[in-house]
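First up is the structure itself, then whatever we jot down about it.
Chains as they are written, first to last, in my numbering: chain A, 35 to 146; chain B, 3 to 115.
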């Protein structure tokens, strides 16, 4: 089955800098790649996703890149702010697949 | 706003005891999921369901059962709880259409002593 590896377990950035989180997946049939955010002591919520028919998607300060050849996707948080501090999870699912398979999470800390 | 409610929010159980975690959603979503969150493992899929009466095994189903008696409710059952099942459990719902976004509950913190 699908496996998702999230490469950075922690990231510390200065406010205003960019943070980049990288994930790789194993199943070439995967076609949907969302990202979820978990703030301290809270549940997860969706932030952005990308499908396999595009290689870049942007929503405000968030950019997702997808490299299908390398089976790699990444989240770029630009102009970071303190409220970006959280755990970010990448996930993948094959088309018609049963469920999202999540990575291990990256703790992002944004300092002033 | 999609709503997924889990109960209890916190639970302390004894080894060998039976534990039932409940999840209710008012989103009218077909799909529901149980994940557990552990440091170093992220979120791992335990069981999921495509609709009332259906349950499917996820990646780590051993030691867990699931029940989906209705569209709204999905339970996770630990018949004989063990300390290794100490974790935070999240329920989520989602549909088959469009974006397939998952909506998560607030989580249940389970300690098995």
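Glycine is no exception: its CB is placed at the ideal position from the N, C-alpha and C atoms.
query, result
"Reducing DSSP to helix, strand and coil, say where residue 115 (chain A) ends up.", "coil"
"Between which two residues does the beta strand (DSSP E) carrying residue 12 (chain B) extend?", "12-15"
"Identify the continuous beta strand (DSSP E) that holds residue 66 (chain A) and give its terminal residues.", "64-72"
"Report the residue from B:22, B:14, B:8, B:25 whose alpha carbon sits nearest the alpha carbon of residue 115 (chain B).", "B:14"
"Look at the alpha carbon of residue 27 (chain B) and the alpha carbon of residue 53 (chain B), and state the distance between them as a whole number of angstroms.", "12 Å"
"Please state the DSSP three-state secondary structure of residue 86 (chain B).", "helix"
"If you run the structure through DSSP and keep just helix, strand and coil, what is residue 38 (chain B)?", "strand"
"Near residue 58 (chain B), what residues of its chain come up, given a Cβ to Cβ distance below 6 Å and the 5 sequence neighbours on each side ignored?", "50"
"Helix, strand or coil for residue 115 (chain B) per DSSP?", "coil"
"If I measure Cβ to Cβ from residue 78 (chain B) and keep anything under 7 Å in the same chain, skipping five residues before and after, which residues do I get?", "23, 36, 48, 49, 66, 68, 91"
"Show which residues of chain A have a CB atom less than 9 Å away from the CB atom of residue 47 (chain B).", "132, 133, 134, 135, 136"
"What is the DSSP secondary structure of residue 116 (chain B), reduced to helix, strand or coil?", "Only positions 3 to 115 of chain B appear in this structure, which leaves residue 116 (chain B) out of reach."
"Applying a beta-carbon distance threshold of less than 9 Å, which residues of chain A neighbour residue 66 (chain B)?", "Result: empty, since nearest Cβ-Cβ is about 15 Å, beyond 9 Å."
"Please report the residue range of the beta strand (DSSP E) in which residue 101 (chain A) lies.", "96-101"
"Can you list, in chain order, the residues of its chain whose CB lies under 6 Å from that of residue 111 (chain B), leaving out five sequence neighbours each side?", "12, 90"
"Can you grab the Cα-Cα spacing for the pair residue 78 (chain A) / residue 105 (chain B), in whole Å?", "8 Å"
"Under 9 Å between beta-carbons, which chain B residues line up against residue 35 (chain A)? List them in chain order, please.", "61"
"Residue 44 (chain B) bridges to which residues according to DSSP?", "B:40"
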